[in-house]
Amino acid sequence: MTDQVTEQMTRPTAPATRFAVPGRIGVSEQTASVWRTATLTEIRRETPRVSTFRFAVPGWPGHLPGQHLMVRLVAEDGYTAQRHYSIASPPDDSGHIELTLDHVRDGEVSGWFHTAARPGDRIEMRGPLSGFFAWPGDRPALLLGAGSGVVPLMSMVRHHRARNLTLPLRLLVSARSPEDLVYADEYGPETTPVFTRTAPEGVAVGRMAAEHVAPLLAEQPPGGWEAYVCGSNSFAEHASRLLVAAGQPVERIRIERFG
Amino acid sequence: MNITRGFTGRPRVHNPGLPPGQYDARDEWPVLSAEVTPDLAPEDWTFRIDGLVAEPRTWDWEQAHALPADAYEGDIHCVTGWSKFGVRFGGVSLDAFLEQVRPLPSATHVVAYAHTGYTANLPLADVTGGRAWIVWEYDGEPLPAEHGGPARLIVPHLYFWKSAKWIAGLRLLDHDEPGFWEGNGYHARGNPWEEQRYSGD
Chain A
12 MTDQVTEQMT RPTAPATRFA VPGRIGVSEQ TASVWRTATL TEIRRETPRV
62 STFRFAVPGW PGHLPGQHLM VRLVAEDGYT AQRHYSIASP PDDSGHIELT
112 LDHVRDGEVS GWFHTAARPG DRIEMRGPLS GFFAWPGDRP ALLLGAGSGV
162 VPLMSMVRHH RARNLTLPLR LLVSARSPED LVYADEYGPE TTPVFTRTAP
212 EGVAVGRMAA EHVAPLLAEQ PPGGWEAYVC GSNSFAEHAS RLLVAAGQPV
262 ERIRIERFG
Chain B
2 MNITRGFTGR PRVHNPGLPP GQYDARDEWP VLSAEVTPDL APEDWTFRID
52 GLVAEPRTWD WEQAHALPAD AYEGDIHCVT GWSKFGVRFG GVSLDAFLEQ
102 VRPLPSATHV VAYAHTGYTA NLPLADVTGG RAWIVWEYDG EPLPAEHGGP
152 ARLIVPHLYF WKSAKWIAGL RLLDHDEPGF WEGNGYHARG NPWEEQRYSG
202 D
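One line per chain: the protein sequences are A and B, in this order. When you read off a place in the first sequence, starting at 1, and then add 11, the result is the number in the working numbering. When you read off a place in the second sequence, starting at 1, and then add 1, the result is the number in the working numbering.
Here it is, written out as structure tokens:
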């Protein structure tokens, strides 16, 4: 007995992951490894380069805002291409999920979506994947996105609205111009758009800056903000530095970078 | 698998170096870290090995550089789907560090941890025998911070999330414990040739 206790006390264990709470949600092994057939039901244009694709997914196990999934396209000779995409829709969407995709130049998969896909097409998907960037609606959320990096953040905004959550949630979204702002009609008082090339009259043009971030960190909600940053690597580096400079603790910044 | 109507895909290239489900990223090297890139100067960098070893020890930048130089030239594979061919990393073989601390026979696994707090678990056998390095150079230049500089672990025969950036240490254990991504649904080992992406694959 004594020996056992001694052994347990001296037996080394793994160091804890420090910078963010790991394993926020249990990810079911089965959920992640099963490929499901999804039927495209609707395509909506958001901007000249971005469209939303709505799918019926029988057996979809549900997801949390911020999670992503893996899509697989299969050619006639059996060749496959798979990509990770963030889920745009909130969890409560009656067996449907939505993806909002950039038309990437020479994009093998996004090219198919933007030029060939039409309602009735069937593709394969697995997920939801990864709990790290998920927001279950359990704490105040400060969201910073650029371009289609706003997609997983929009799932959080939509969830916040659909559930009438009263927890503070703020979104800073960067776009090149008003025409490039994804989901432009859906934003409410929780959102501040930042335009980097052209802006509506009376709105400044420029990169996201300390002046956008500082006021949000000045109004600290109880328990502080959980920050979520999504976009290109250069945006993620820039935005996360702004957050750190404004006093947001590094271990409460979650980053999802394209790539 | 169901055929996707109208999908042809990229021109087929026969590349025996490409694991299943991967594509060639060519000149791209995407950055996918989930945390804030730390400001870590070489003089503040340390690397420690402890746990089930005869003599735990910490190396600083100069002490690590005093070990025999070694390099990895080959391919790397990311779980998100890209592979990168013919990369060149310079540093020191992990074997040279382990030789000095002498792992105990009971050690079976390691947890690699970063100066940010990131963690990744690996079987000890995957980081010994010339299969893992601590590196500080990429293509002859200092490793950029966003790619893990000043120094990172590389274990190139596994998916690259195992190759912890901003490496701070290894702890040797007598059991397997999930690291950061492994606790978020990713596979415990991550062998790209068996497409071990997610837990259950």
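Cβ coordinates follow ideal geometry from the N, Cα and C atoms, glycine included.
Check whether chain B comes within 8 Å of residue i, counting only Cβ atoms and requiring the distance to be less than that.
i         : result
Gly118(A) : no
Ala127(A) : yes
Trp123(A) : yes
Val115(A) : no
Ile264(A) : yes
Tyr96(A)  : no
Ile134(A) : yes
Val68(A)  : no
Met20(A)  : At Met20(A) the pLDDT is 49, less than 50, meaning the model places this residue with poor confidence and gives no usable figure here.
Gly34(A)  : In this prediction, Gly34(A) has a pLDDT of 45, which is less than 50 and means its spatial position is unreliable; what the coordinates show is noted afterwards. Interface residue, yes.
Arg268(A) : yes
Pro200(A) : no
Name the DSSP bridge partner or partners of residue i?
i         : result
Val185(A) : The amino acid occupying residue 185(A) in the given sequence is Ser; Val does not appear at that position. Paired residues: Ala157(A) and Val205(A).
Gln93(A)  : Arg83(A)
Phe48(B)  : Trp60(B)
Ser94(B)  : Trp134(B)
Thr50(A)  : Ala67(A) and Arg133(A)
Cys241(A) : Gly156(A) and Glu267(A)
Pro31(B)  : Looking at the DSSP assignment, Pro31(B) forms no beta bridge with any residue, so it has no partner.
Lys85(B)  : Ile77(B)
Gly170(B) : Arg49(B) and Tyr114(B)
Pro124(B) : His110(B)
Asp71(B)  : Gly92(B)
Tyr24(B)  : Trp83(B)
Thr58(A)  : Val61(A)
Val216(A) : Phe206(A)
Asp113(A) : Val61(A)
Can you check whether the C-beta of residue i is within less than 8 Å of a C-beta belonging to chain A?
i         : result
Arg27(B)  : no
Tyr199(B) : yes
Asn185(B) : yes
Ser34(B)  : yes
Phe161(B) : no
Arg6(B)   : yes
Val37(B)  : yes
Asn3(B)   : yes
Gly150(B) : no
Pro193(B) : no
Leu53(B)  : yes
Glu142(B) : no
Gly10(B)  : yes
Gly45(B)  : The identity of residue 45(B) in the sequence shown is Asp, whereas the question assumes Gly. No, Asp45(B) lies away from the interface with chain A (no Cβ there is under 8 Å from its Cβ).
Glu56(B)  : no
For a quick check, are the C-beta atoms of residue i and residue j less than 8 Å apart?
i         : j         : result
Pro12(B)  : Ser84(B)  : no
Trp134(B) : Ser94(B)  : yes
Pro72(A)  : Ile98(A)  : no
Gly92(B)  : Ala169(B) : no
Val186(A) : Leu180(A) : Contrary to the premise, residue 186(A) reads as Ala rather than Val in this sequence. Their beta carbons are not under 8 Å apart, which means Ala186(A) does not touch Leu180(A) by this criterion.
Leu228(A) : Leu183(A) : no
Asp113(A) : Ser121(A) : yes
Glu119(A) : Gly10(B)  : yes
Tyr119(B) : Thr28(A)  : yes
Gly77(A)  : Trp146(A) : yes
Phe98(B)  : Gly18(B)  : no
Asp140(B) : Arg89(B)  : yes
Thr63(A)  : Thr111(A) : yes
Here's a check: name, in chain order, each residue in its chain whose Cβ is nearer than 7 Å to the Cβ of residue i, leaving out the five neighbours to either side.
i         : result
Ala247(A) : Val240, Ile266 and Arg268
Val128(B) : Leu95, Val111 and Val156
Pro61(B)  : Rather than Pro, the amino acid found at residue 61(B) in this sequence is Asp. The residues are Thr47.
Thr17(A)  : For Thr17(A), the pLDDT reaches just 43, beneath the cut-off of 50, and the residue's location in the model is therefore unreliable, leaving the point undetermined.
Thr202(A) : Leu182 and Val184
Which same chain residues, not among the five before or five after residue i, have their C-beta less than 6 Å away from its C-beta?
i         : result
Asn185(B) : none
Asn3(B)   : none
Gly160(A) : Cys241 and Gly242
Ala231(B) : Since the first and last residues shown for chain B are 2 and 202, residue 231(B) lies out of range.
Leu173(B) : Gly52, Leu53, Val54, Pro104, Ala108 and Val111
Tyr194(A) : Met165
Trp236(A) : Pro151 and Leu153
Using a Cβ-Cβ cut-off of 8 Å (strictly less than) and excluding sequence neighbours within five positions of residue i, which residues of its own chain qualify?
i         : result
Arg103(B) : Val54, Ala55 and Glu56
His249(A) : Arg218 and Met219
Gly34(A)  : Reliability of the predicted coordinates at Gly34(A) is poor, the pLDDT of 45 falling under 50, and the value obtained from them is presented with this limitation in mind. Closer than 8 Å at the Cβ level, and outside the excluded window around Gly34(A), lie Gly142.
Gly82(B)  : Gly22, Gln23 and Tyr24
Of the residues that make up the stretch 104 to 131 of chain B, which ones have a beta carbon closer than 8 Å to any beta carbon in chain A? Listed by position, the residues of the stretch 104 to 131 of chain B near chain A (Cβ gap below 8 Å) are Val112, Tyr114, Thr117, Gly118, Tyr119, Thr120 and Asn122.
Closer than 8 Å between beta carbons: that is the criterion. Which residues of the stretch 141 to 158 of chain A meet it against chain B? Result list: Ser141, Gly142, Phe143 and Phe144.
Chain B contacts made by the stretch 225 to 258 of chain A, where a contact means CB separation under 7 Å: Those would be Asn244, Glu248, Ser251 and Val255, in chain order.
Listed from N- to C-terminal order along the chain, which residues in the stretch 70 to 87 of chain A have their beta-carbon within a distance smaller than 9 Å of any beta-carbon of chain B? Taking 9 Å as the Cβ-Cβ cut-off against chain B, the residues of the stretch 70 to 87 of chain A that qualify are Met81, Arg83, Leu84, Val85, Ala86 and Glu87.
Which residues, taken in chain order from the stretch 59 to 85 of chain B, show a beta carbon closer than 7 Å to some beta carbon of chain A? For the stretch 59 to 85 of chain B, the set of positions with a beta-carbon nearer than 7 Å to some beta-carbon of chain A reads Thr81 and Gly82 in chain order.
Could you name the residues of the stretch 157 to 171 of chain A whose beta carbon sits closer than 8 Å to any beta carbon of chain B, in the order they occur along the chain? Hits within the stretch: zero.
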